[in-house]
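See below for the structure under consideration.
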Amino acid sequence: MSAGGRFGAVCVRGAVLAVLALGLGACGEPKGGVPPGLGALEHAPDGLVARIDADLRAFGRVEDGTAFLGRDASGELLAVTARWYLTRDAGLADEIRIPYLEAATARFELVSGDGTRRTTVRGRARAGLDAAACDVLVLRADDSAAPASKVLELTDSVPEVGDALAVAVGGAEPALVPSKVDWIGGAARISFEVPRRAEPTRLIGSPVLDADGRAYACVVSVDWSGETAATSPSFDIEAQLLRPFLRSPAPLVGEPFVYDDPGLDTAVFDTTGTLMFLSNPVLGGAKLLRWPSLDEIAGPNLPRGQGAGGFTSTGWLVTAGRGGRFSLFDPLSGHAVVEGEVPLPLVGAVEVLPGDMVLMGSPLIGTSVLVDASSGEVRQTVDAWGASIERSPDGATLAFGGGDGSLALVDVVGLVPHPLDPHDEEVSALAFSPDSALLASGSWGGRILVHDVKSRELVRELPNVGSDVNDLAFVGELLVVATGSTEDGPNGREPTACFVRVFDPRTGREVARSHDHASPRLALLPLPTGEDGVRRLVGLGIGTEQFAWVVPVE
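With the numbering used here as the guide, the letters of the sequence shown map in order to residues 7 to 560.
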């Protein structure tokens, strides 16, 4: 949009903003005539600005105010609101926390001014996840309850200072008032001034239109520039641009389940998908569970304190941990078949190869070892760090990630390392694509690198996730990333950036993201595709609330 763009007819095809909440009439011209300088909004569809009037019950109540409906570029119907509607009675902080809000959205209704139309907001909230401010909610709405003639077209364009815009102003002489962008803030906000024609609370949540009549912002604050309400001739208005919200990844919807995980940060299934081994290689500790019941297999002979593990093709469980101690365990009998030690101070990664051969690596030393699990004999030393080890689906290649950030591809035949572009910090997770063509690696520093396995070249570095990369998993062609850590805050240790994020590794585009969890997501386990063709993924974290997500298909 160019600066000083011209406005067209205010109201062609019915009411531009027909709602009681803003006091706009059914149109022709707004009451009080066409404001000077406001030409025509030639391409503006009719808009529905609605009054929120819903009881959130356990979540408190929603203040009487305005919100509006619009369609994004893909045609999805969205309801846009400002955070002003959520009161302290709702038990929410001033900053909106999306996890709590998702539980409340089912009770939201947008009610037209005359009370004849009620649009229930359904689905999940969409947040401008990477925006510096989150004062706007973009909520998925019920398509059947809002005809196209009552919906604004949304745009994710970014204005420039001086660009023309219009905002609906109610009061004694309601009108669609022209203005221009005064400044654009770093939090994706814009500021402008309009004549005072309404109470400020009537403006909160109102749409801000560009010169083409499309909504590209939502009013979040109003003040009088230090003057009193009685004497000020105009409002200074601040609005949040919709762009961060419309361009944010789609919500990754997860179904919660309860399992009290004390912080076991690695997980692996057996070949049948009925046993799950959870462990923590660094701190020690392990559990063996039945899936999907999550019943713990207990007994005096179960491996304890051994933090890394993997299942052989015959169903035995290999565990290893501190001091290089390892065991080959039979889950059926509950007894160790073989026990031994390897020359590693700490085994942090275990990768089982065909023939019950096992690679063991450590985040503390730059060598790994190949062990015959059936006899306990060390067969070969590999000159590669082994904080993380992963085998490709075709079985031809191994990936080694180091405690020093080093990264290497190793041919299974010969076990000769080929160095790749390294990380700056310890490599915490590795994952091969299903066709074995790509290797994704993540580190504690939040970096995610994608290498081409055949050429060994760096294909792409994904956006830094701003926290620890705890696990990676490919689901189809998409890369799923578990992030999060706990950092020192004013109230002690607090969770930071605890998401599950889905990327297209070839383009770097973020396809979907979960809500911000109350604890880091530590381990990801892709489940077999069900009869319904849906791909699911289990994510484990600290505490009792775990999730299973439906992963989108590109």
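Every residue, glycine too, gets a C-beta built ideally from N, C-alpha and C.
Quantities reported herein were computed from a predicted structural model and do not represent experimental measurements.
- The beta-carbon distance between T161 and R202, rounded to whole angstroms, is 27 Å. This is too long to meet the 8 Å contact definition.
- By the Cβ-count criterion, V324 is buried, with 16 or more other Cβ atoms from all chains shown falling within 10 Å of its own Cβ.
- Burial check for R296: the Cβ neighbour count within 10 Å stays below 16, so the residue is exposed.
- In this structure, the straight-line span from the alpha carbon of G330 to that of K293 is close to 19 Å.
- Check the Cα spacing between G291 and each of D271, G451, G392, E431: the tightest is with D271.
- Judged by their CB atoms, G401 and S374 are not nearer to each other than the 8 Å cut-off.
- The stretch 504-511 and the stretch 468-483 touch, with no fewer than 3 CB-CB distances between them shorter than 8 Å.
- In this structure, DSSP gives G545 an extended state, which the three-state scheme calls strand.
- Unbroken beta strand (DSSP E) stretches of 3 residues or longer found wholly inside the stretch 262-293: 272-275, 281-285, given in chain order.
- Counted as a single uninterrupted DSSP element, the stretch harbouring P250 is not any beta strand (DSSP E) but the alpha helix (DSSP H) occupying residues 249-252.
- Counted as a single uninterrupted DSSP element, the beta strand (DSSP E) harbouring Q386 occupies residues 383-388.
- When rounded, the separation of the alpha-carbon atoms in V422 and F335 is 30 Å.
- For E347, the enclosing beta strand (DSSP E) starts and ends at 341-347.
- D218 sits in coil when the DSSP states are folded into three classes, being neither helix nor strand.
- The beta carbons of V486 and L436 sit no closer together than 8 Å.
- Taking E551 as the centre and dropping the five residues before and after it, the same chain places the C-beta of P262 closer than 6 Å to its C-beta, in chain order.
- Note on geometry: alpha-carbon atoms of A273 and S80 lie some 38 Å from one another.
- The residues L294, G340, in chain order, have a CB closer than 7 Å to that of L308 in the same chain once the five nearest residues on each side in sequence are set aside.
- Between N476 and G498, the gap from beta carbon to beta carbon reaches 8 Å or more.
- Here P360 carries a helix assignment [DSSP, helix/strand/coil].
- Approximately 6 Å separates the beta-carbon atoms of I196 and A223; this is inside 8 Å, confirming the contact.
- C-alpha of E396 to C-alpha of F332: approximately 19 Å in a straight line.
- Going by C-alpha positions, W322 is about 21 Å away from P532.
- By the C-beta density criterion, Q386 is exposed, having fewer than 16 other C-beta atoms within 10 angstroms.
- Secondary structure of D477 (DSSP, three-state): strand.
- At a Cβ-Cβ threshold of 8 Å, V356 and V343 do not count as neighbours.
- Between the beta-carbon of A390 and that of D362 there is about 21 Å, and that puts the pair past the 8 Å contact cut.
- Ranked by Cα distance from A170, the first of A193, V214, L209 is V214.
- Here D149 carries a helix assignment [DSSP, helix/strand/coil].
- For R453, the secondary structure class from DSSP, reduced to helix, strand or coil, is coil.
- R515 counts as exposed, since fewer than 16 other C-beta atoms from the protein chains shown sit within 10 angstroms of its C-beta.
- In the DSSP assignment, Q246 is bridged to R195, C224.
- Beta-bridge annotation (DSSP): D458 is paired with L444.
- Distance from the CA of G211 to the CA of Q246, rounded to the nearest whole angstrom, comes to 10 Å.
- Beta-bridge partners of L404 (DSSP): R397, V416.
- In this structure, the CA atom of L143 is about 14 Å from the CA atom of E115.
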